[in-house]
Amino acid sequence: MVKLFLYNTLRRKKEEFRPIKKARAGLYTCGPTVYNFAHLGNLRSYVFADLLTRILRYNLGLTNVKWVMNITDVDDKTIRNAKMKYPDLEPRASLKKFTAEFEKYFWQDLAALNISKPDYVTHAADEKYINKMKNLIKNIFTSGYAYVKDGSVYFDVIKYGQKYKYGQLAEVDVSKLKPGVRVDADEYGKDNAQDFVLWKGRKENEPSWDFELNGQKLPGRPGWHIECSAMAEAELGTPFDIHTGGVDLKFPHHENEIHQSVVGYKVKKPVNYWLHNEHLLVDGQRMGKRFNNFYTLKDLAARGINPLAYRFLCLQTGYGKVMNFTWEALKAADEGLKHLYNQVKELRITNHELRIKDINVNFKKKFLEAVNDDLNMPRALAAAQELFKSDLASQEKLATVLDFDKVLGLNLASPESGCDKEAPAEIKELVNQRERARQEKNWPESDRLRAEIKKSGWNVEDTSEGQRVSKK
Ligand SMILES: [Zn+2]
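Position 134 of the sequence shown, counting from 1, maps to 134 under full-length UniProt numbering, and the rest follow consecutively.
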């Protein structure tokens, strides 16, 4: 058994992962705010969360890991852009229509990067979760850490700081907090760490839900931070094992999530391990529309680059390091990936049957030690290269490297033929799930997925090259 170590932002050090329930793990990832296309920096967060989930599954088994991701489909930005795009629709209908479009693109991007679909996807504007958010706000209010002002509900940070530690993930100068000063924006800097909004009172032409607190009618909508606290608790309970997100979410978003759950759910430590991936720079600069360096997967397609080359590039940099994106680096990754595909292809000359017993235990251990060392993917990729150079038999090398690919997710089993290029993202996702089930020898699940793929009008065939998908 190789121990798993993760860098925990909460303690600012690498720690051994000890799950709450033996050999099981629950994790929550802050999903996208669906108001625009995801850029490469956003996507890095999901490649990271996917790798972590795959590593947990590699250690604990396919079905023992529960991955939850939310979709933020109600916040300042989605409301603003929905109003611009569909001004004539009723506000909630406009928001729903607008966010559904960008959510669809988001899942397409994830499928293109071979990112597995989370086990649970929660939508913030879903009535079921809105009710959870209202209940959490009521709890916080009853505990005495929230107050109503001008139709909105705010969290009292000064009062919180008197009893609990304020600034657990990010260093915040608590002496600068001013009592009764409020911030309504969903995003703000450390300099205006003030009472933040839990529930925003209704504004004209904005979507809203009914809410009653302490006998007062407060129609409005949730603040961004309360959404994640309530949705994570709804699917994973509190405390849960791991929470992931980009480093920019540490403050205020994740900090506020902790405060809300501590007083609202009366739990000392709502999350045991907080993991954050670093920023992506483009040519040494922060990515932004005004710098004209806001790249999405469409820009890769326009240059004829396989989206998995971007995944491969992310793997070459530790998630905890700032990654500098350049087109040259991406092209080199694209070449590197093609080389890797050729290396795998050469092993197939004998075209034998793949057997689990052919996986080389020494190399598997080496690989596991690398990925379990806080996702050290550069070291894991080096182990794969060492494997190719070794004098093991081809079939051992092949079985071993395809086993590594459960974590790498580079489609090494079937770089070209695995999935029909025309197959839609939903089908690709089912094929990926089936691949995982097959690796786990979960045959009933594999058969169930085959039937599901068939029902959608596609055939799946198992060949020595892996699964082959074609239109019925
Ligand atoms: Zn979140």
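Note that CB positions come from ideal geometry on N, CA and C, so glycine has one too.
Check your understanding: Quick one: what does DSSP say D334 is sitting in, helix, strand or coil?
Key -> The residue labelled residue 334 in the question sits at position 334 within the sequence shown. Here D334 carries a helix assignment [DSSP, helix/strand/coil].
Exercise for review: Mark W67 as exposed unless 16 or more other C-beta atoms lie within 10 angstroms of its C-beta, in which case mark it buried.
Suggested key: Sequence index remark: in the sequence shown, residue 67 carries index 67 (1-based). With 16 or more Cβ atoms within 10 Å of its Cβ, W67 is classed as buried.
Exercise for review: Please check the pair L430 and L449, which I expect to be a contact at CB under 8 Å, by giving their CB distance rounded to whole angstroms.
Suggested key: Residue 430 sits at position 430 when you count from the first residue of the sequence shown. Residue 449 sits at position 449 when you count from the first residue of the sequence shown. Right, the Cβ-Cβ distance comes to about 6 Å (below 8 Å), so this counts as a contact.
Point to revise | Three-state secondary structure assigned by DSSP to L198 | key: Within the sequence shown, the letter at position 198 stands for residue 198. Strand at L198.
**Study point:** Distance between beta carbons of L402 and L354, contact taken as under 8 Å
**Key:** Position 354 of the sequence shown, counted from the first residue, corresponds to residue 354. Position 402 of the sequence shown, counted from the first residue, corresponds to residue 402. Contact between L354 and L402 holds, with the beta-carbon distance rounding to 7 Å and staying under 8 Å.
Exercise for review: Could you tell me whether the stretch 385-396 touches the stretch 20-28, using the rule of 3 or more Cβ pairs below 8 Å?
Suggested key: Too few Cβ pairs lie closer than 8 Å, so no.
Check your understanding: With a Cβ-Cβ cutoff of 7 Å, do I71 and H123 count as a contact?
Key -> Reading the sequence shown from its first residue, position 71 is the one you call residue 71. Reading the sequence shown from its first residue, position 123 is the one you call residue 123. With contacts defined by Cβ atoms closer than 7 Å, I71 and H123 form a contacting pair.
Exercise for review: Leaving out five residues on either side along the sequence, give the residues of the same chain with a beta carbon under 7 Å from the beta carbon of M69.
Suggested key: One-based indexing of the sequence shown puts residue 69 at position 69. Excluding sequence positions up to five before and after M69, its CB lies within less than 7 Å of the CB of T29, G31, P118 and V121, all in the same chain and listed in chain order.
Point to revise | Whole-angstrom C-beta distance between W199 and V153, which should lie under 8 Å | key: If you number the sequence shown from 1, residue 153 lands on position 153. If you number the sequence shown from 1, residue 199 lands on position 199. With 8 Å as the limit, V153 and W199 qualify as a contact, their Cβ atoms being about 4 Å apart.
Check your understanding: Within the present structure, is the beta-carbon of C228 separated from the nearest heavy atom of ligand 1 by less than 6 Å?
Key -> For the purposes of this step, residue 228 is taken as residue 228 along the sequence shown, with counting starting at 1. Yes, the beta carbon of C228 sits closer than 6 Å to at least one heavy atom of ligand 1.
Review point. Does the count of Cβ pairs from the stretch 97-109 and the stretch 160-173 closer than 8 Å reach three?
Key: As far as the Cβ criterion goes, the stretch 97-109 does not touch the stretch 160-173, which means the pair count is below three.
Point to revise | Nonlocal neighbours in the same chain, by C-beta distance under 7 Å from P91, ignoring five residues either side | key: Taking the first residue of the sequence shown as position 1, residue 91 is located at position 91. So the qualifying residues of the chain are N205, E206 and P207.
Exercise for review: Return the bridge partner residues of M323 from the DSSP annotation.
Suggested key: Translated into positions along the sequence shown, residue 323 becomes position 323. DSSP lists L280 as partners of M323.
Check your understanding: Relative to the alpha-carbon of R12, which residue among Q168, L368 and K138 has its alpha-carbon at the smallest distance?
Key -> Along the sequence shown, one-based indexing puts residue 12 at 12. Of the candidates Q168, L368 and K138, the one whose C-alpha sits nearest the C-alpha of R12 is Q168.
Practice item. Could you check what DSSP says for N372 in three-state terms: helix, strand or coil? Key: Position 372 of the sequence shown, counted from the first residue, corresponds to residue 372. Coil at N372, not helix or strand.
Check your understanding: Can you tell me whether DSSP reads M69 as helix, strand or coil?
Key -> Counting from one through the sequence shown, the residue named residue 69 turns up at place 69. Here M69 sits in strand by DSSP.
Point to revise | Buried versus exposed call for S446 [16 or more other C-beta atoms within 10 Å across all chains shown] | key: The residue given as residue 446 occupies position 446 in the sequence shown. So S446 ends up on the buried side.
Point to revise | Rounded C-alpha distance that separates P378 from L408 | key: The count along the sequence shown starts at 1 and reaches residue 378 at position 378. The count along the sequence shown starts at 1 and reaches residue 408 at position 408. Put simply, the backbone Cα of P378 is about 11 Å away from that of L408.
Review point. Can you give, in chain order, each stretch of the alpha helix (DSSP H) that sits fully within the stretch 81-131 and has at least 4 residues?
Key: 91-112, all fully within the stretch 81-131.
Exercise for review: Compute every distance between the C-beta of C30 and the non-hydrogen atoms of ligand 1, then say whether any falls below 6 Å.
Suggested key: To locate residue 30, count along the sequence shown from 1; it is residue 30. Yes.
Review point. Which stretch, first to last residue, makes up the beta strand (DSSP E) that contains V469?
Key: What you label residue 469 is simply residue 469 of the sequence shown in a count that begins at 1. Run containing V469: G466 to K471, per the beta strand (DSSP E) assignment.
Exercise for review: Specify the secondary structure class of C419 as computed by DSSP and reduced to three states.
Suggested key: Along the sequence shown, read from residue 1 onward, the residue named residue 419 stands at position 419. No answer about C419 holds up, because its pLDDT of 42 lies below 50 and its placement is not dependable.
Exercise for review: List the residues that DSSP assigns as beta-bridge partners of S152.
Suggested key: For this step, residue 152 is matched to residue 152 along the sequence shown. K149, per the DSSP bridge assignment.
Check your understanding: What separation, rounded to the nearest whole angstrom, lies between the Cα atoms of Q285 and F240?
Key -> As a position in the sequence shown, residue 285 is number 285, starting the count at 1. As a position in the sequence shown, residue 240 is number 240, starting the count at 1. Their Cα atoms are separated by approximately 36 Å.
Exercise for review: For my contact list, L213 and K149 are in at a C-beta cut-off of 8 Å; report their separation, rounded to the angstrom.
Suggested key: Residue mapping note: residue 213 aligns to position 213 of the sequence shown, counting from 1. Residue mapping note: residue 149 aligns to position 149 of the sequence shown, counting from 1. That pair is no contact at about 12 Å.
Review point. With DSSP run on the structure shown, which of helix, strand or coil describes I453?
Key: What you label residue 453 is simply residue 453 of the sequence shown in a count that begins at 1. Residue state, collapsed to three classes: helix.
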